[in-house]
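A.B. asks: Below are the C-alpha cells for one structure; questions will follow.
4 protein chains.
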Amino acid sequence: MSVRTPDPNPGWLTDVELAETRRRLPLLYVEAVPVRVDGMGQVTEVGALLRANSVGEITRTLVTGRVMYGETLRDALFRHLEKDLGPMAFPQLPLSPVPFAVAEYFPLPGISAFTDERQHAVSLAYVVPVTGTCDPRQDALEITWMTPVEAASDAIVSEMEGGRGVLLRQALASVGALR
Amino acid sequence: MSVRTPDPNPGWLTDVELAETRRRLPLLYVEAVPVRVDGMGQVTEVGALLRANSVGEITRTLVTGRVMYGETLRDALFRHLEKDLGPMAFPQLPLSPVPFAVAEYFPLPGISAFTDERQHAVSLAYVVPVTGTCDPRQDALEITWMTPVEAASDAIVSEMEGGRGVLLRQALASVGALR
Amino acid sequence: MSVRTPDPNPGWLTDVELAETRRRLPLLYVEAVPVRVDGMGQVTEVGALLRANSVGEITRTLVTGRVMYGETLRDALFRHLEKDLGPMAFPQLPLSPVPFAVAEYFPLPGISAFTDERQHAVSLAYVVPVTGTCDPRQDALEITWMTPVEAASDAIVSEMEGGRGVLLRQALASVGALR
Amino acid sequence: MSVRTPDPNPGWLTDVELAETRRRLPLLYVEAVPVRVDGMGQVTEVGALLRANSVGEITRTLVTGRVMYGETLRDALFRHLEKDLGPMAFPQLPLSPVPFAVAEYFPLPGISAFTDERQHAVSLAYVVPVTGTCDPRQDALEITWMTPVEAASDAIVSEMEGGRGVLLRQALASVGALR
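These protein sequences, in sequence, are chains X, W, F and Y. 167 is the number of the first residue of the first sequence in the working numbering; add one for each residue after it. 167 is the number of the first residue of the second sequence in the working numbering; add one for each residue after it. 167 is the number of the first residue of the third sequence in the working numbering; add one for each residue after it. 167 is the number of the first residue of the fourth sequence in the working numbering; add one for each residue after it.
Shown next as C-alpha cells:
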C-alpha cells in the first residue's frame, strides 16, 4: 500500500486495498428501504430495486452502500439514495440516526440472517419516504413498488439478496405495516 | 350521567362526565414537539407554545390533547396539530405509532417527572416536522422557535407546564440533538 | 351510575360503570410478550397463553390488562405479569417505558390490525424476559413456549385472539428474531 | 503491510496496520453505559469508568471497544464488558441489537458532538444492567456509580472523554431517567 504517497482523498481505497480490508475488518454500511406514505404518514408502498448480480442473475435488493472515511451517516445515506434512486427522488431523511435494525452480514451463512460472500459488513437500516420520481442509476435496472402485504410475502422475501427479505419485514414491523 | 339518552357521538363526554371520568381512569393523550428540519433531516429548530393557563399565568407547552373514542392515534395527532398550529402547518406525521417517550402525568408530584392536577393522563409523545406556516389558534398565544440548545436550557425547561421540559429534552435526545 | 356514593378506591369501576366507559373512551392497556433468553440476551423461546374465551373456544393470547387510575405503567405491567404467569415467573421489566409497538384495538375490524369487540383499547406492548417458573393463574389454561420461527408461523399467528399474531411478529422483529 | 504473510487470525491487525486503517475507514465500535436497576426495571445508578488517558490525565469514559472481523455485535459487547468490568459483573445484554444512540466520532471537532483524535469511529451504544460485582481491569482505575441526576449534571458530563457526556444524557433519556 502506497500510503506515503499524498492522497487527496484518503477514504478512497484502491480495489486491492479494499479487497484486503474486507478480510480484516467489519465494514460499515447504511441501507434504506424506500417507501411512499399517505398524508397521514402511513406507509402505502415499499420499493425494492431489481439488479443483475455478478453472475448475471436478477435479484432484488435495497438501497445500500458503504460509509466513507470522514463521512457522516446522513451524508452516506443521502449519497446512496441519490446514486440508487436518482437526483429527483427527494428522500426525507430520518430525524434520528438510530436505525430500525442493524443487519450483520457475514461471508458464511448461519451466524445471522444476513450473508455477504465478499465481506463482514454491519449495516444501519432506515425507512426513508421518497416524495419525487425515482430513476434508478448505475447497476440497478428498475425500482418496483409494492404494497406492504406484497413486500412481506414469502415470494418477494425469498428473492431478496443476502437475506434482505428479513430486513424488509423488520422495516414493515417498525412502521406498524407488517400483517 | 344521562347515559341512556341517545347520543349521536358517544365519544363526546359532557363536562360533568369528563370530570367524573378523570377521577376514575387514566386518560390517553397524544403530544407533539413541532420541529423544523434541514434538507438532511437534521432538527434545526424546536417549537414551544406560549399559553395563558387557568390562573392567567403565561406558560410554555407542547401540542397536546386527548384521544377520542373510535379515533386512531394518527387522527388524534393530526387533529391536535391542526388545532394548535393552524391548517397551514403541514406536519409530517411519524411513520411509526411508537412514540419517542411515554409521559405519565399524575395529579400529585413525585410519582413521575410529569404532573397534571386535573387528572391521571398517559401521553404518547412524537417529534413532528412542520413544513408550512404555524398560526396558533384557540388558547395558544404564539409559537416560539428555538435552537435545540436553547430549548434544552434550564431556563426554558423550567418554564414548561407540567414537567414538559423533561419531555422536550427527551425529544431532543431521541433525534440526536441534545448536547 | 352511583358516582356520588363515596368510593374508597375511585379507580375501581363497577361492572356497569366499566361497561359505560367502554362505549365512551379509549381504554389504556399494557401487554407483554414473555420470552426466554440465552446468556447473550438472544431470544430463544416465546410464550403464548392458552385461554378459553367467552364462548368456550380455546384461543391464544398474550399477557394483557388494563392500567388503573393512579397506577404507573410499570406497576400495571408487573401486576398483569404476576396475574397471568404466577408469582415465580421473575420477569425482567423493560428499562424504558417506550413500547416496541402500540396496538390499537377497535370494536369493528378494518381500522387497524387489531380488534376487541368489547371496546376501543390502546395497548402499549413490551417484550419481557422471564427467568423463573411460569404458572398461569386465573382464566389462562397454560403457557406454551415456542421457538421464534414457530411463533411467527401462519398457524400460530392465526390462532391468536384479536390480531395479536401481528403483535407477536412485531415483537420478534423488534428483537431481531423474525425470519 | 505484510498482507501476504499467512495470518491465523485475519481480524487481528498489527499496530502499524491499525494505524493505517484508522486513516482510511470508519471503524465500528460498541459502547455500553452500565446501570443498576431496581426490581421494577427502573435505573437507579449509572456507572462511569475513571481512566488515565495517554497524557496521564484522569478522565471518565464508558465501556467501549472495537468490533473485530467475524465477531457479532453481541460478542463484541460482551467481550468489552468483561474486559472493562471484570468477569463477575454479570451484564444483561440487550434483547435487541438496535442501539439507543449511534455516536459518530471524528478527529476534528464540530462535525458531531463526539471526537476521537485517533480516528473516525461509529459507535453503537447500549444501556446494560449489571447484576454482579464490577472489578475494572486493564487501564481503567475504577468504576464510579452515580444517581441519574448526578450522571446528567454539567460537572460529570464535562469530565467525560470525547463528548461521551452527551451519550450519557442520551442513555438516561432513552430509559426515561433524564430530568
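Cβ coordinates follow ideal geometry from the N, Cα and C atoms, glycine included. In this text, all values refer to a predicted model and were calculated from it rather than measured experimentally.
Could you check if Thr187 of chain W is buried or exposed, using at least 16 other CB atoms within 10 Å of its CB as the buried criterion?
C.D. replies: Classification for Thr187 of chain W: buried.
A.B. asks: Rounding to the nearest angstrom, what Cα-Cα distance links Pro253 of chain X and Ser262 of chain X in this structure?
C.D. replies: Rounded to the nearest angstrom, the two C-alpha atoms are 23 Å apart.
A.B. asks: What residues in the stretch 285-297 of chain W bring their beta carbon closer than 8 Å to a beta carbon of chain X?
C.D. replies: Cβ contacts with chain X come from Val293 and Pro295.
A.B. asks: Could you please tell me which residues of the stretch 178-208 of chain Y, in chain order, have their CB closer than 8 Å to any CB of chain X?
C.D. replies: Answer in chain order: Leu179, Glu183, Glu186, Thr187, Arg189, Arg190, Leu191, Pro192, Leu193 and Leu194.
A.B. asks: Shorter than 8 Å from the beta carbon of Ser278 of chain Y to some beta carbon of chain X?
C.D. replies: So, interface residue.
A.B. asks: Which same chain residues, not among the five before or five after Leu334 of chain W, have their C-beta less than 6 Å away from its C-beta?
C.D. replies: Around Leu334 of chain W: Ala317.
A.B. asks: Taking just the CA atoms, how far does Phe272 of chain F sit from Thr281 of chain F?
C.D. replies: Answer to the nearest angstrom: the Cα atoms are 5 Å apart.
A.B. asks: Mapping DSSP to helix, strand and coil, what is Pro257 of chain W?
C.D. replies: Looking at Pro257 of chain W - three-state DSSP - the assignment turns out to be strand.
A.B. asks: Please determine, among Y:Asn219, Y:Leu338 and Y:Pro192, the residue with the shortest C-alpha to C-alpha distance to Pro200 of chain Y.
C.D. replies: Considering only alpha carbons, the answer is Y:Leu338.
A.B. asks: Between Y:Arg202, Y:Gly222, Y:Leu259 and Y:Val229, which lies nearest to Val289 of chain Y when the distance is taken from Cα to Cα?
C.D. replies: The amino acid at residue 289 of chain Y is misidentified as Val; the sequence shows Ser. Nearest C-alpha to Ser289 of chain Y: Y:Val229.
A.B. asks: Report yes or no: is there a C-beta of chain X within less than 8 Å of the C-beta of Gly342 of chain Y?
C.D. replies: It does not; no Cβ of chain X falls within 8 Å.
A.B. asks: List the whole-angstrom C-beta distance separating Val264 of chain Y from Pro265 of chain X, where the pair is believed to meet the contact cut-off of C-beta under 8 Å.
C.D. replies: Confirmed, about 7 Å.
A.B. asks: What does the alpha-carbon distance come out to for the pair Glu223 of chain W and Gly236 of chain X?
C.D. replies: Distance between the alpha carbons of Glu223 of chain W and Gly236 of chain X: 49 Å.
A.B. asks: Where does Pro314 of chain X sit, in a helix, a strand or coil, going by DSSP?
C.D. replies: The answer is helix: DSSP assigns Pro314 of chain X an H, G or I state.
A.B. asks: Closer than 8 Å, Cβ to Cβ, to anything on chain X: give me those residues from the stretch 214-236 of chain Y, in chain order.
C.D. replies: Answer set for the stretch 214-236 of chain Y: Val233, Met234, Tyr235 and Gly236.
A.B. asks: Closer than 8 Å by C-beta to Arg245 of chain Y: which residues in its own chain qualify, once you throw out the five before and the five after it? Chain order, please.
C.D. replies: Counting only Cβ-Cβ distances below 8 Å, and skipping sequence neighbours, we find Gly231 and Glu237.
A.B. asks: Within its chain, find whatever has a CB closer than 6 Å to the CB of His286 of chain F; leave out the 5 residues flanking it on each side and keep chain order.
C.D. replies: Excluding positions up to five away in sequence, the list reads Pro192 and Phe272.
A.B. asks: First and last residue of the beta strand (DSSP E) that includes Ile224 of chain W?
C.D. replies: From DSSP, the beta strand (DSSP E) with Ile224 of chain W extends over Ile224 to Thr227.
A.B. asks: Hey, is Ala267 of chain F's beta-carbon within less than 8 Å of any beta-carbon in chain X?
C.D. replies: At least one chain X Cβ lies under 8 Å of Ala267 of chain F.
A.B. asks: Is there at least one Cβ from chain Y nearer than 8 Å to Thr238 of chain X's Cβ?
C.D. replies: Closer than 8 Å: yes.
A.B. asks: How about Leu243 of chain Y and Val196 of chain Y: are their beta carbons less than 8 Å apart?
C.D. replies: Contact flag set, yes.
A.B. asks: Per the DSSP calculation, Pro200 of chain X is bridged to which residue(s)?
C.D. replies: Partner(s): X:Val294.
A.B. asks: Are the CB atoms of Thr310 of chain W and Ala214 of chain W within a distance shorter than 8 Å?
C.D. replies: In contact: Ala214 of chain W and Thr310 of chain W (Cβ atoms closer than 8 Å).
A.B. asks: Tell me which same chain residues have a C-beta within less than 7 Å of the C-beta of Leu259 of chain W, skipping the five on either side of it?
C.D. replies: Correct list, in chain order: Arg240, Leu243, Phe244 and Val294.
A.B. asks: Under 8 Å between the Cβ atoms of Ala279 of chain W and Arg345 of chain Y?
C.D. replies: Contact flag set, yes.
A.B. asks: Only counting the same chain, and skipping five residues up and downstream in sequence, which positions put a Cβ closer than 6 Å to that of Glu325 of chain X?
C.D. replies: The answer, listed in chain order, is Arg226.
A.B. asks: For the putative contact between Leu274 of chain Y and Val233 of chain Y, defined by C-beta atoms under 8 Å, what is the C-beta separation to the nearest angstrom?
C.D. replies: Actually they are not in contact, since the Cβ atoms of Leu274 of chain Y and Val233 of chain Y sit about 23 Å apart, beyond 8 Å.
A.B. asks: Could you check the C-alpha separation between Val169 of chain X and Val182 of chain Y for me, to the nearest Å?
C.D. replies: Here Val169 of chain X scores only 37 on pLDDT, less than 50, and its place in the model is too uncertain to base an answer on.
A.B. asks: At a Cβ cut of 8 Å, what residues of the stretch 242-271 of chain Y count as close to chain X, listed as they run along the chain?
C.D. replies: Cβ contacts with chain X: Pro263, Val264, Pro265, Phe266, Ala267, Val268 and Glu270.
A.B. asks: Quick one: is Asp204 of chain F buried, meaning 16 or more other Cβ sit within 10 Å of its Cβ, or exposed?
C.D. replies: Burial call: exposed.
A.B. asks: Please state whether DSSP places Ile309 of chain W in a helix, a strand or coil.
C.D. replies: In the structure shown, Ile309 of chain W sits in a strand (DSSP, three-state: E or B).
A.B. asks: Name, please, each residue of chain W whose Cβ falls closer than 9 Å to the Cβ of Arg330 of chain Y.
C.D. replies: In chain order: nothing, as chain W lies at least about 12 Å away.
A.B. asks: Excluding the 5 residues preceding and the 5 following Gly329 of chain W in the sequence, name in chain order all residues of the same chain whose CB lies nearer than 7 Å to its CB.
C.D. replies: Ala279, Phe280 and Thr281.
A.B. asks: Quick one: using the 10 Å Cβ neighbour count with 16 as the cut-off for buried, is Val315 of chain X buried or exposed?
C.D. replies: Classification of Val315 of chain X: exposed, given that the 10 Å Cβ count is below 16.
A.B. asks: Reducing DSSP to helix, strand and coil, say where Leu179 of chain W ends up.
C.D. replies: Coil at Leu179 of chain W, not helix or strand.
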